[in-house]
Amino acid sequence: MNQLVEVLKFYKEIGAGFIETRTPDPLGDIEEINRLIMTCTRCSLHKTKKNYVPGEGRMRPDILFVGEGPGETEDNFGKPFIGNAGQLLDRVIERMGYRREDIYIANIVKCRPPGNREPSRDEADACLPYLIRQIEILKPKVIVCLGRSAMNFLLNSEYSIMEKRGQLFDFKGIPLIPTFHPSYILHQKTKEATSKAKWEMWEDMQKVLQLIGKN
Ligand code: SF4
10 MNQLVEVLKF YKEIGAGFIE TRTPDPLGDI EEINRLIMTC TRCSLHKTKK
60 NYVPGEGRMR PDILFVGEGP GETEDNFGKP FIGNAGQLLD RVIERMGYRR
110 EDIYIANIVK CRPPGNREPS RDEADACLPY LIRQIEILKP KVIVCLGRSA
160 MNFLLNSEYS IMEKRGQLFD FKGIPLIPTF HPSYILHQKT KEATSKAKWE
210 MWEDMQKVLQ LIGKN
């Protein structure tokens with residue numbers, strides 16, 4: 010109960026109002042939330058990270074991509090999705106008719122879990138208020154969760170990505186579609202499996218484009 014009270018207090022402190030908030034200065038607000046992230050000690054991940062990775066992109070984007078957490082390259086440079094998985098994501102974004110700077114990319118946790126392990130529930134819970142506030146400020150048209158753990162942490166669920174990829178969910182009034190994490194595609198062992206996973210991700214992205222009205 011004490012933990013819940015602490016979390017609710019923190020939501021209030023950072024102004025997270027569960028999407029109803031309207032803000033006249035989204036850029037100023039996102040800079041403020043990113044400043045708070047850059048000094049955060051709410052979980053032990055801050056002790057082992059090199060850089061905080063708050064996220065980046067444009068205000069009011071058509072799409073907000075949400076990953077699980079920064080990897081090694083992202084930790085080194087403080088930017089989301091810039092390693093091999095990020096390069097694949099860039100190609101997907103381009104094929105959808107966007108540039109990276111047209112959309113927004115963020116993660117469930119803003120500090121790299123050691124050895125790229127999955128964040129714990131406590132770590133995700135500690136960090137989620139930042140993402141919730143980012144979503145409120147950014148007001149994306151669609152949220153795309155990359156991979157099982159991003160989907161489950163954001164939806165507070167225990168779904169299988171194989172079952173739920175491409176399905177439409179609602180996140181506080183915003184359409185949400187889960188799809189594969191680009192690393193999943195990169196780790197396929199055969200050419201056929203890679204092509205299949207890429208095609209399935211592309212099917213999901215076509216649904217995203219339909220929701221935006223671009224397909
Ligand atoms: S992962 Fe999130 S909650 Fe944990 S220290 Fe980093 S910014 Fe804070």
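The number in the numbering used here is simply the position in the sequence shown, starting from 1, with 9 added. Where is the CB? At the ideal position from N, CA and C, for every residue including glycine. Source: prediction; values computed, not measured.
Residue nearest to residue i in terms of C-alpha spacing, selected from the options
i: H190; options: G66, R69 and F74; result: F74
i: E127; options: G78, K58, T203 and A206; result: G78
i: L218; options: L98, E15, R104 and N43; result: R104
i: K18; options: D34, K56 and R51; result: R51
Simplified DSSP assignment, three categories, for residue i
i: I221; result: helix
i: Y2; result: Residue 2 is absent from the model: the chain starts at 10 and stops at 224.
i: T82; result: helix
i: E65; result: strand
i: F180; result: strand
i: F162; result: helix
i: P149; result: coil
i: G76; result: strand
i: C154; result: strand
i: I186; result: strand
i: T199; result: coil
i: F19; result: helix
Length of the line joining the Cα atoms of residue i and residue j
i: G182; j: L164; result: 13 Å
i: K207; j: I194; result: 6 Å
i: S88; j: M47; result: The sequence as given places Lys at residue 88; Ser does not occur at that position. In a straight line, the C-alpha of K88 is about 13 Å away from that of M47.
i: D179; j: S204; result: 29 Å
i: N125; j: G80; result: 6 Å
i: K198; j: S192; result: 12 Å
i: A135; j: E145; result: 17 Å
i: S158; j: S166; result: 9 Å
i: M160; j: H196; result: 19 Å
i: N93; j: Q143; result: 25 Å
Contacting residues, own chain, Cβ-Cβ under 8 Å from residue i (five flanking each side not counted)
i: T45; result: Thr is not the amino acid found at residue 45; the sequence shown has Leu there. Same-chain partners within the cutoff: I23 and Y139.
i: R175; result: The residue asked about is misnamed: residue 175 is Gly in this sequence, not Arg. Here the set comprises I186, P187, T188, E209, E212, D213 and K216.
Close-in-space but distant-in-sequence residues of the same chain around residue i (CB under 6 Å, 5 per side omitted)
i: G66; result: I112, Y113 and I114
i: R69; result: K148
Contact check, residue i vs residue j, beta carbons under 8 Å
i: K150; j: I221; result: yes
i: L137; j: I117; result: yes
i: P63; j: N43; result: yes
i: L54; j: C120; result: yes
i: V153; j: I102; result: no
i: A133; j: F162; result: yes
i: P123; j: T57; result: yes
7 Å Cβ shell around residue i - same chain, five flanking residues per side excluded
i: Y20; result: P138
Closer than 7 Å: residue i CB and nearest the ligand NAP heavy atom
i: Y113; result: The ligand content of the structure shown is limited to the ligand SF4, which means the ligand NAP is not among them.
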